[in-house]
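One line per chain: the protein sequences are S and X, in this order.
Residue 43 in UniProt numbering is what sits at position 43 of the first sequence, and the numbering runs on without skipping anything.
Residue 76 in UniProt numbering is what sits at position 76 of the second sequence, and the numbering runs on without skipping anything.
Just so you know, even glycine gets a beta-carbon here, dropped at the ideal spot from N, CA and C.
Okay, so here's the structure we're looking at.
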Amino acid sequence: MALRTPPLRGRHEEAGGSFTDFGGWEMPVEFAGIRTEHEAVREAVGIFDVSHMGEVEVYGPDATRLMQRLTTNDVTALSPGDSQYACITDGDGVILDDTVVYRRPDEGETPTYLFVPNAGHEDWMVERWTEHRDEWDLDATVDDRTEDYAMFAVQGPDAEEQVQAAMANGIEVASLSRFTATMATVAGTECLVARTGYTGEDGFELVVPWDAAEDVWDAFDGAEPCGLGARDTLRLEAGLLLSGQDFDHEENPHTPYEAGIGFTVKLDTEFVGRDALEAQKEQGVDETLVGLRLIDRGIPRHGYDVTDTDGEVVGTVTSGTMSPTLDEPIGLAYVPTDLADPETHLRVVVRDRPKKAVVESLPFYQR
Amino acid sequence: MSFETPDDRKYNESHEWALRDGGTVRVGISDFAQDELGDVVFVELPDVGEAVTQGEAFGVIESIKAVSDLYAPVSGEVTAVNEALFDAPEQVNEDPFGDGWMLEIELSDEAELDELLSAGDYADQVA
Numbered sequence: 001m002a003l004r005t006p007p008l009r010g011r012h013e014e015a016g017g018s019f020t021d022f023g024g025w026e027m028p029v030e031f032a033g034i035r036t037e038h039e040a041v042r043e044a045v046g047i048f049d050v051s052h053m054g055e056v057e058v059y060g061p062d063a064t065r066l067m068q069r070l071t072t073n074d075v076t077a078l079s080p081g082d083s084q085y086a087c088i089t090d091g092d093g094v095i096l097d098d099t100v101v102y103r104r105p106d107e108g109e110t111p112t113y114l115f116v117p118n119a120g121h122e123d124w125m126v127e128r129w130t131e132h133r134d135e136w137d138l139d140a141t142v143d144d145r146t147e148d149y150a151m152f153a154v155q156g157p158d159a160e161e162q163v164q165a166a167m168a169n170g171i172e173v174a175s176l177s178r179f180t181a182t183m184a185t186v187a188g189t190e191c192l193v194a195r196t197g198y199t200g201e202d203g204f205e206l207v208v209p210w211d212a213a214e215d216v217w218d219a220f221d222g223a224e225p226c227g228l229g230a231r232d233t234l235r236l237e238a239g240l241l242l243s244g245q246d247f248d249h250e251e252n253p254h255t256p257y258e259a260g261i262g263f264t265v266k267l268d269t270e271f272v273g274r275d276a277l278e279a280q281k282e283q284g285v286d287e288t289l290v291g292l293r294l295i296d297r298g299i300p301r302h303g304y305d306v307t308d309t310d311g312e313v314v315g316t317v318t319s320g321t322m323s324p325t326l327d328e329p330i331g332l333a334y335v336p337t338d339l340a341d342p343e344t345h346l347r348v349v350v351r352d353r354p355k356k357a358v359v360e361s362l363p364f365y366q367r
Numbered sequence: 001m002s003f004e005t006p007d008d009r010k011y012n013e014s015h016e017w018a019l020r021d022g023g024t025v026r027v028g029i030s031d032f033a034q035d036e037l038g039d040v041v042f043v044e045l046p047d048v049g050e051a052v053t054q055g056e057a058f059g060v061i062e063s064i065k066a067v068s069d070l071y072a073p074v075s076g077e078v079t080a081v082n083e084a085l086f087d088a089p090e091q092v093n094e095d096p097f098g099d100g101w102m103l104e105i106e107l108s109d110e111a112e113l114d115e116l117l118s119a120g121d122y123a124d125q126v127a
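See below:
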């Protein structure tokens, strides 16, 4: 299968990017170096091409009902221009994907939602939405817009200044609060500009018409180009989850409560998986995602075993790295709930050798 | 991009270098290898006194994004380990042929050096 390429593939190559396959897309993993890019986002501003993210639009008289029944959060809380983080769960409450649901600020007569499935998941989600729409006989249109839109993230303490400078139509970026969006003209093109991100910093994400991607990207020439490598270290420090790695409905099935994102679940709404999640909330979870910090020398990596202090395997590392900001080896793992309290001592098995580790409360890094 | 390949030493196809000084061989990784790895954050090396075997893994190097084995260019007993790398693994990026060295090995079979690549051949491999 051929890899899909973002509209800026050529531009990234000129900028010295090295590439990786991510969810079927050939995306830049690194430009100047992960540490350099990571520090730019923590201390100044970086820009990421995240055009591999899916974009699905849902609109029509029953769009709100359809979104409400297929996502765990309460979409009726969204006014035009608002957005929220949500999970998409199956009937057992297992996370199929996580997403941000935007209610478009420029919607027409009926509500228009844009949600952002993870890389390569848009076909799956469009099918899920369409099947349920038909089953429930709802009047809503479900459109895959993934190849109509590029998506960029401008992140870091100087992001507000950068985005303000790039926007032409007199909108005060400072008035955009977290998880709100506006339409704005950047490089002569109307884009959706949202105060959202995946780095633990202040920042913005721009949904950009595919054909204008290059001009809009160039409007942020003061920002450090960043690849998926830095995106991963930044999100992990911020305790944010990666779909397909920190949860995976087939290989690593978990519910939002187990994954520590129970705040996305609104049990007073009706959605697929609600009853299972209500039952789990009453009973409590057997396993919980925790942050781990290694005390011994070593770096936790995806798939490494976690044991208790007696050497009994109790879990598996889902993500891990050397934290560039903290200069400590950190990771995420699901462990039995009775071993999930901060300061609990565990072991991570690195190349057959148990390394001392301690449970840390998430996030590892907070701005 | 072109990489340094100093011609005072020999190279493994797997990107380690071997610099002979009398009966001892100093070992590290090449400029190309450190660039491929990116920011090096962790190095695991054998202890002094352990034996290493040509072509077999003697340690592990980790960058932020990847974990890679290190392969011995020659066989012999480890006589010195660059412990400075445990606290400053970035020296592998900053000075791969100098301060970023990893081991010194007491050469057990001189002929093994002949099996390694010359600087010129290695430069062609990474060009």
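- Message: Using a Cβ-Cβ cutoff of less than 6 Å, which residues in the same chain neighbour X:Leu70 once the five nearest sequence positions on both sides are dropped?
- Response: Phe58, Gly59, Ile61
- Task: With a floor of 3 residues, list each beta strand (DSSP E) that falls wholly inside the UniProt domain "Aminomethyltransferase C-terminal" (289-365) of chain S, ordered by position along the chain.
- Result: 305-307, 313-323, 328-336, 345-350, 353-360
- Check X:Gly59 in the structure and name its three-state DSSP category. strand
- Message: Can you find the residues in the same chain that come closer than 7 Å, C-beta to C-beta, to X:Ala75, ignoring five residues on each side of it along the sequence?
- Response: It should be pointed out that residue 75 of chain X corresponds to Ser in this sequence rather than to Ala. Closer than 7 Å at the Cβ level, and outside the excluded window around X:Ser75, lie Val52, Thr53, Gln54, Ser108, Asp109, Glu112.
- With a cut-off of 9 Å, does the C-beta of S:Arg297 fall near any C-beta of chain X? yes
- Item | Identity of the residue in S:Gly284, S:Glu250, S:Thr344 nearest S:Leu294 by Cα | S:Thr344
- Query: Among the residues of its own chain, which have a CB less than 6 Å from the CB of S:Arg35, if the five just before and after it don't count?
  - Reply: Pro324
- State yes or no: is the C-beta of S:Ser319 within less than 9 Å of the C-beta of S:Asp248? no
- Which class does X:Trp17 belong to by DSSP, given the choice of helix, strand or coil? strand
- Beta carbon proximity, S:Val29 to chain X, threshold 9 Å: yes
- Proximal residues of chain X, C-beta to C-beta of S:Arg35 below 9 Å: Gly38, Asp39, Val41, Ile64, Glu90
- Message: Rounding to the nearest angstrom, what Cα-Cα distance links S:Gln280 and S:Thr76 in this structure?
- Response: 24 Å
- Beta-carbon gap between S:His132 and S:Leu78 smaller than 9 Å: no
- Identified DSSP bridge partners for X:Ser70: Reading off the sequence, residue 70 of chain X comes out as Leu, not Ser. Beta-bridge pairing links X:Leu70 to X:Gly59.
- Buried versus exposed call for S:Arg104 [16 or more other C-beta atoms within 10 Å across all chains shown]: buried
- Determine the contact status of S:Gly24 and S:Arg4, defining contact as a CB-CB distance below 9 Å. yes
- Query: Where does S:Gln84 land, buried or exposed, given buried means 16+ other C-beta within 10 angstroms?
  - Reply: buried
- Is the CB of S:Asp246 under 9 Å away from at least one CB in chain X? no
- Beta-carbon proximity check, S:Ile330 vs X:Phe42, cutoff 9 Å: no
- Item | Neighbour list for X:Phe86 in chain S, Cβ cutoff strictly below 9 Å | Arg297
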